[in-house]
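Colleague: Chains as they are written, first to last, in our numbering: chain D, 570 to 773; chain Y, 402 to 514.
By construction, the Cβ of each residue, glycine as well, lies at the ideal position given by its N, Cα and C atoms.
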Amino acid sequence: MGAALLEIGAVARELGISPSTLRTWERRYRIVLPERGAHGERLYSSDQVQILRRVLALTRTGLRARAAHSAAVGPQPLRSARVELAASADASQLARRAVDEVLGQSVSEKFAFYVRLVATELVQNAVLYGSDREPIEIELKAFSDWVDLRVGNAGKRLTLKSLRSRRRQGGRGLEIVDALAEAWSIDTGPFGTQIAVRVPKEPD
Amino acid sequence: MPVDREARKGANEAWFRGLNERLEQRAAQKEQSDRFEIVCECALEECTVRIEIDVAEYEAVRAGAKQFIVAPGHADGTLERVVVSGPRFDIVEKFGDAGKIAEIENPRNGDDE
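(1) Quick test of the definition: if touching needs 3 or more C-beta pairs under 8 Å, does the region 628–635 of chain D touch the region 648–666 of chain D?
(2) On the premise that D/Val746 lies in contact with D/Glu690, defined as a C-beta separation below 8 Å, what is that separation, rounded to the nearest angstrom?
(3) Please name the residue, chosen from D/Arg623, D/Val580, D/Arg629, that lies closest to D/Arg611 on a Cα-to-Cα basis.
(4) By a C-beta neighbour count over all protein chains shown, 10 Å radius and 16 as the cutoff for buried, is D/Val642 buried or exposed?
(5) For Y/Asp498, decide whether its Cβ has a neighbour in chain D, counting only Cβ atoms nearer than 8 Å.
(6) Restricting to Cα atoms, I'd like to know which of D/Gly578, D/Arg599, D/Glu744, D/Tyr698 is closest to D/Ala656.
(7) Expressed to the nearest angstrom, what Euclidean distance is found between the alpha-carbon atoms of Y/Leu420 and D/Leu749?
(8) For Y/Val485 and D/Gly761, what's the separation of their Cα atoms in angstroms?
(9) Y/Ala412 CB to nearest chain D CB: under 8 Å?
(10) Select from Y/Val493, Y/Ala464, Y/Asp405 the residue whose C-alpha is nearest the C-alpha of Y/Gly474.
(11) Nearest-angstrom Cα distance between Y/Lys410 and Y/Leu445?
(12) What residues in the region 419–434 of chain Y have a beta carbon less than 7 Å from any beta carbon of chain D?
(13) For D/Lys725, return the contacting residues in chain Y, with the cut-off set at a CB-CB distance below 8 Å.
(14) Is the Cβ-Cβ distance between Y/Val483 and Y/Ala472 less than 8 Å?
(15) Please report the straight-line C-alpha distance between D/Glu751 and D/Trp715, rounded to a whole angstrom.
(16) May I have the straight-line CA-CA distance separating D/Leu602 from D/Val768, to the nearest angstrom?
(17) Is D/Ala667 closer than 8 Å to D/Asp717 when the C-beta atoms are compared?
(18) Which of the three DSSP states, helix, strand or coil, is assigned to Y/Ala472?
(19) Between D/Ala750 and chain Y, is there a C-beta pair that is closer than 8 Å?
(20) Using CA coordinates, which residue listed in D/Thr628, D/Glu595, D/Val720 is at the minimum distance from D/Leu654?
(21) Taking 8 Å as the limit between beta carbons, can you name the residues of its chain near Y/Val440, skipping five residues before and five after?
(22) Can you list, in chain order, the stretches of the beta strand (DSSP E) that have 3 or more residues and sit fully within the region 628–712 of chain D?
(23) From this set, Y/Ile454, Y/Gln468, Y/Gly465, which residue's C-alpha is nearest Y/Pro488's C-alpha?
(24) Do you know offhand how far D/Glu678's Cα is from Y/Ala466's?
(25) Using the beta-carbon of each residue, which ones in chain Y are nearer than 8 Å to D/Asp747?
(26) Can you name the residues that DSSP bridges to D/Asn722?
(27) Comparing alpha-carbon positions, which option in Y/Asp491, Y/Gly478, Y/Thr479 lies nearest Y/Ala461?
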């Protein structure tokens with residue numbers, strides 16, 4: 570939003586390919602669909618240019634354009650959602666509902682139970698330690714073999730050390746997340762914390 | 402797949418037990434203490450109570466496929482009876498459909514005796 574968009578000529582120059590190649594990739598393989606300007610001109614975002622750069626690098630290793638595009642963008646989620654919740658007592662319940670809406674009937678009840686559990690832990694942490702004036706943001710992406718869950722909240726920096734010490738004082742840790750996740754990460758700073766978790770369909 | 406309410410409660414408890422098995426494994430890997438923390442294995446999915454338990458206590462409960470560890474007062478009389486009551490936790494034993502689910506979902510099925 571608000572970021573500069575590049576026209577096709579500028580993108581082509583930056584990548585060292587012709588504009589017609591970009592148009593062909595778009596038409597034949599649906600590789601990057603740029604926005605259109607007021608006069609119908611193609612406008613590429615910086616994310617799209619990054620994808621094109623990766624596609625180009627992969628084609629130079631011998632991959633065909635379509636395969637290069639698949640490799641460049643990685644697996645796409647089957648379903649996804651992004652919701653904002655007020656930092657309140659019922660946030661966990663709403664998070665569980667969001668999980669159910671994304672997962673639907675496509676997974677086992679057991680797996681959905683564990684994903685809801687992870688979402689509950691993360692959201693309760695966000696309610697406990699985050700700002701109560703800013704919403705909690707949840708992003709869910711369901712892939713064929715796993716679910717990616719990201720929970721973000723505004724507020725002070727939250728480190729693993731502080732999580733542990735606060736747990737001793739009645740707060741919550743991330744043991745459940747650790748036990749159920751294939752991988753997780755915490756990105757925290759003075760303006761908030763983001764925790765990203767990947768829950769595999771068959772953990773361990 | 403659990404279809405009715407009691408079966409669903411039984412499944413919740415079994416899945417909490419599955420999680421606790423992983424928490425025990427992680428505690429064993431850390432080897433910091435004989436005591437570790439598990440989640441309450443009651444029927445309520447929203448329950449967030451943690452229970453501190455010794456490895457020996459935990460293993461004694463796990464010896465019975467129908468036995469579960471719940472916070473005091475969390476037993477559900479429609480699917481389980483309290484067999485041991487203590488200050489930190491109660492041990493319950495499932496009956497009926499919940500008992501069958503507990504046996505089917507037992508993560509230690511196939512373990513050597």
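Modeller: On the basis of the data shown:
(1) no
(2) 5 Å
(3) D/Val580
(4) exposed
(5) no
(6) D/Tyr698
(7) 7 Å
(8) 45 Å
(9) yes
(10) Y/Val493
(11) 7 Å
(12) Leu420, Arg423, Leu424, Arg427
(13) Within chain Y, no residue comes near D/Lys725; the closest Cβ sits about 23 Å away, beyond 8 Å.
(14) no
(15) 9 Å
(16) 31 Å
(17) no
(18) coil
(19) no
(20) D/Val720
(21) Phe417, Leu420, Asn421, Leu424, Cys448, Thr449, Val450, Arg451, Ile452
(22) 648–654, 705–711
(23) Y/Ile454
(24) 21 Å
(25) Arg427
(26) D/Thr762
(27) Y/Asp491
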